[in-house]
Amino acid sequence: FKISVLKPIIDALETLSGKTYESHTESMRVIADHMRAAVFLAVDGVVPSNTAQGYVMRRLMRRAIRFAFDLGVEQDLCEKIVPVVCELYRSDYPEVAESEEKVLEVMKREETAFRKTLRRGLQHFEKIATVRFSEEFNADSLQSDPARIEKPRLTGEDLFLLHDTYGFPLELSKEEAYRRDYRIAINADQEFDQLMDEQRERSRT
185 FKISVLKPII
195 DALETLSGKT
205 YESHTESMRV
215 IADHMRAAVF
225 LAVDGVVPSN
235 TAQGYVMRRL
245 MRRAIRFAFD
255 LGVEQDLCEK
265 IVPVVCELYR
275 SDYPEVAESE
285 EKVLEVMKRE
295 ETAFRKTLRR
305 GLQHFEKIAT
315 VRFSEEFNAD
325 SLQSDPARIE
335 KPRLTGEDLF
345 LLHDTYGFPL
355 ELSKEEAYRR
365 DYRIAINADQ
375 EFDQLMDEQR
385 ERSRT
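Count along the sequence shown from 1, then add 184; that gives the number in this note's numbering.
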């Protein structure tokens, strides 16, 4: 990540966040890699969506934005990073320079929309996890058996609530659980799928 086609992106992230690459290596690597890939998808005419290549682009952007959030970058990620990526490749790939304005517009629109979802979703994610923790481990049981202290276990119903009510994507909920070392119920995927099927059936009727 210190080679010529990535180091300028890392430098821009350090300037934007006020953090160093050495202290936030994983976050900056994810952002640099994912934003570069998303730019080239946009150059090829892909736009973020829930299907096919658009879904891949959306996943890349959302993950980059989430890691940027950890760096304290809560706005203007695309505005600052997309031009850096385009500058790196404009001489070798003329289509990058030709599409820069359009690419930036598409990616900024996705960032703006997702940041609203991210802030709201993270708040409710923590609330749901706190409820699950209090349900599983009450004060009496913790005093009698301290070894029982564990991380909250999220259910398929919890994941569905985050997705359906607060617009928090399933894959992002799982990644948030992983980042916090929270547990996910063994049958969570099946329960989530069942609730999604029931929702679709209600929508049809």
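Where is the CB? At the ideal position from N, CA and C, for every residue including glycine.
Pick from the options that is closest to residue i, judged by C-alpha positions
{"i": "E360", "options": "G229, E294 and R246", "result": "R246"}
{"i": "A222", "options": "T204, M241 and S207", "result": "M241"}
{"i": "L354", "options": "L302, F224, K203 and F251", "result": "L302"}
{"i": "D373", "options": "T199, K358, M291 and E310", "result": "K358"}
{"i": "P192", "options": "I312, H208, R220 and R363", "result": "R220"}
{"i": "D381", "options": "S207, G340, V230 and R299", "result": "G340"}
{"i": "E271", "options": "V189, F298 and E198", "result": "V189"}
{"i": "D254", "options": "R274, R364, E263 and D276", "result": "R364"}
{"i": "R250", "options": "A297, I187 and I370", "result": "A297"}
{"i": "L244", "options": "E295, D260, E375 and Y362", "result": "E295"}
{"i": "R299", "options": "F309, L261 and H218", "result": "L261"}
{"i": "A196", "options": "T235, E258, A248 and I265", "result": "I265"}
{"i": "S308", "options": "D348, Y277 and D276", "result": "In the sequence as displayed, the identity of residue 308 is His instead of Ser. The candidate whose alpha carbon is nearest that of H308 is D348."}
{"i": "L200", "options": "G229, A236 and Q259", "result": "Q259"}
The alpha helix (DSSP H) enclosing residue i, as first and last residue numbers
{"i": "D381", "result": "A372 to R388"}
{"i": "T199", "result": "K191 to S201"}
In DSSP terms, what residue i is bridged to
{"i": "L338", "result": "I368"}
Other residues of its chain near residue i: CB distance less than 7 angstroms, five sequence neighbours each side excluded
{"i": "I194", "result": "F185, Y205, M212 and A216"}
{"i": "Y239", "result": "S233"}
{"i": "D324", "result": "Reliability fails at D324, whose pLDDT of 48 lies under 50, so the model's placement of it is uncertain and the value that follows must be treated cautiously. So no residue of the chain qualifies."}
{"i": "A281", "result": "C270 and R274"}
{"i": "V231", "result": "G238 and V290"}
{"i": "E279", "result": "V227"}
{"i": "E375", "result": "T339, G340 and E341"}
Residues near residue i by beta carbon distance below 8 angstroms, same chain, minus five either side
{"i": "G202", "result": "G256"}
{"i": "A226", "result": "M241, S283, K286, V287, V290 and M291"}
{"i": "E385", "result": "none"}
{"i": "E263", "result": "L288 and K292"}
{"i": "P267", "result": "E284 and L288"}
Own chain, CB closer than 6 angstroms to residue i, minus 5 neighbours either side, in chain order
{"i": "T389", "result": "none"}
{"i": "R304", "result": "Y350"}
{"i": "L379", "result": "F344"}
{"i": "V269", "result": "R220 and V223"}
{"i": "V214", "result": "F251"}
{"i": "F352", "result": "G305 and L346"}
{"i": "A331", "result": "Note that A331 has pLDDT 48, beneath the 50 cutoff, so the model's placement of it is unreliable and no number is given."}
{"i": "P336", "result": "A313, R316, F317 and Y366"}
{"i": "A248", "result": "I215, H218 and M219"}
{"i": "T209", "result": "none"}
Cβ-heavy atom distance, residue i to the ligand NAP, below 6 angstroms
{"i": "F344", "result": "Absent from the structure shown: the ligand NAP. Ligands present: none."}
Taking only runs that begin and end inside the stretch 209 to 281, name each unbroken alpha helix (DSSP H) of 4 or more residues, in chain order.
-> As for any alpha helix (DSSP H) of minimum length 4 sitting wholly inside the stretch 209 to 281, the runs are 209 to 227, 236 to 254 and 261 to 273, ordered along the chain.
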